[in-house]
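Chemist: Heads up: the sequence shown at position 52 corresponds to 51 in numbering that gives the first Met the number 0, and the numbers run straight through without jumps. Next up is a structure, given as structure tokens.
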Amino acid sequence: MRRMTTTTVLFVCIGNTCRSPMAEAMVRGMAGDRVRAMSAGLAPTRRVAPETVEVLERLGYSGEGLVPRGLGEVPLDEVDVVVSLIGPPGVRWLPSLVGADTVVWNVPDPWGEDEETYLAVARRIEKLVKGLIDDLD
């Protein structure tokens, strides 16, 4: 992947309520201003799941400012890397992003599950985000 002064990464899942907001918050916490993180959903919900924010805070990340967005609400022309957290289908459903690298992660959706499931998913995303940041550096 190419490295610029600031790389913009877009995390995509279905509702933008659990997985992609987790990844967005984690990048912000780990990479500072080296990486600009955004997230969006293919069918965004009205709010980020409270369990998402609780688990983020439990792991030491801020959930402040996380708001579900659709793809039409993010500046797609500024995206350098798109990360699908829903596997290959997430990439197929995205509009063509000229010049954006694509990363595919298969991360289970914790929506409606217990706190331990949210925590397990968050820890998995945390490892993936660390690897992504290392790749970008």
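Virtual Cβ for every residue (Gly too), placed ideally from N, Cα, C. Keep in mind that this is a model prediction, so the values were computed, not measured.
Assuming residue 43 contacts residue 14 (C-beta within less than 8 angstroms), just tell me the rounded distance between them.
Modeler: Along the sequence shown, read from residue 1 onward, the residue named residue 43 stands at position 44. Along the sequence shown, read from residue 1 onward, the residue named residue 14 stands at position 15. Sure, about 6 angstroms apart at Cβ, within 8 angstroms.
Chemist: In angstroms, rounded to a whole number, what distance separates the CA positions of residue 127 and residue 46?
Modeler: Indexing the sequence shown from 1 puts residue 127 at position 128. Indexing the sequence shown from 1 puts residue 46 at position 47. Near 24 angstroms, if we compare the C-alpha coordinates of residue 46 and residue 127.
Chemist: Excluding five sequence neighbours on each side, which residues of the same chain lie with their C-beta closer than 8 angstroms to the C-beta of residue 29?
Modeler: Taking the sequence shown and counting its residues from 1, one reaches residue 29 at position 30. Taken in chain order, the residues that qualify are 128, 129, 132.
Chemist: Considering only residues of the segment 75-99, which uninterrupted alpha helix (DSSP H) runs meet the minimum length of 4 residues and lie entirely inside it, listed in chain order?
Modeler: 87-91
Chemist: Using DSSP with H/G/I as helix, E/B as strand and the rest coil, what is residue 45?
Modeler: Reading the sequence shown from its first residue, position 46 is the one you call residue 45. Three-state DSSP puts residue 45 in coil, outside helix and strand.
Chemist: Leaving out five residues on either side along the sequence, give the residues of the same chain with a beta carbon under 6 angstroms from the beta carbon of residue 70.
Modeler: Position 71 of the sequence shown, counted from the start, is the residue given in the question as residue 70. Counting only Cβ-Cβ distances below 6 angstroms, and skipping sequence neighbours, we find 39.
Chemist: Buried or exposed for residue 1, going by 16 or more other Cβ atoms inside 10 Å?
Modeler: Here the question's residue 1 lines up with position 2 in the sequence shown. Confidence at residue 1 is low in this model, with a pLDDT of 47, below 50, so its placement is unreliable and no value can be given for it.
Chemist: Looking only at C-alpha atoms, which of 65, 83, 87, 95 sits nearest to residue 76?
Modeler: Counting from 1 along the sequence shown, the entry for residue 76 is found at position 77. The candidate whose alpha carbon is nearest that of residue 76 is 95.
Chemist: Can you list, in chain order, the residues of its chain with a C-beta nearer than 7 angstroms to that of residue 116? Leave out the 5 residues immediately preceding and following it.
Modeler: Position 117 of the sequence shown holds residue 116. Within the same chain, residue 116 has close Cβ partners 109.
Chemist: Can you give the Cα-Cα distance for residue 41 and residue 7, rounded to whole angstroms?
Modeler: The residue labelled residue 41 in the question sits at position 42 within the sequence shown. The residue labelled residue 7 in the question sits at position 8 within the sequence shown. Taking the straight line joining both Cα atoms gives about 19 angstroms.
Chemist: Buried or exposed: where does residue 3 fall if 16 or more other Cβ atoms within 10 Å of its Cβ makes it buried?
Modeler: For the purposes of this step, residue 3 is identified with residue 4 of the sequence shown, where counting begins at 1. Any reading at residue 3 needs caution, since the residue's pLDDT is 47, under 50, leaving its predicted position unreliable; the model's value is listed next. Exposed, since its Cβ has fewer than 16 Cβ neighbours within 10 Å.
Chemist: Assign residue 106 to one of three DSSP states: helix, strand, or coil.
Modeler: Residue numbering aside, residue 106 sits at position 107 when the sequence shown is read from its first letter. Correct three-state label for residue 106: coil.
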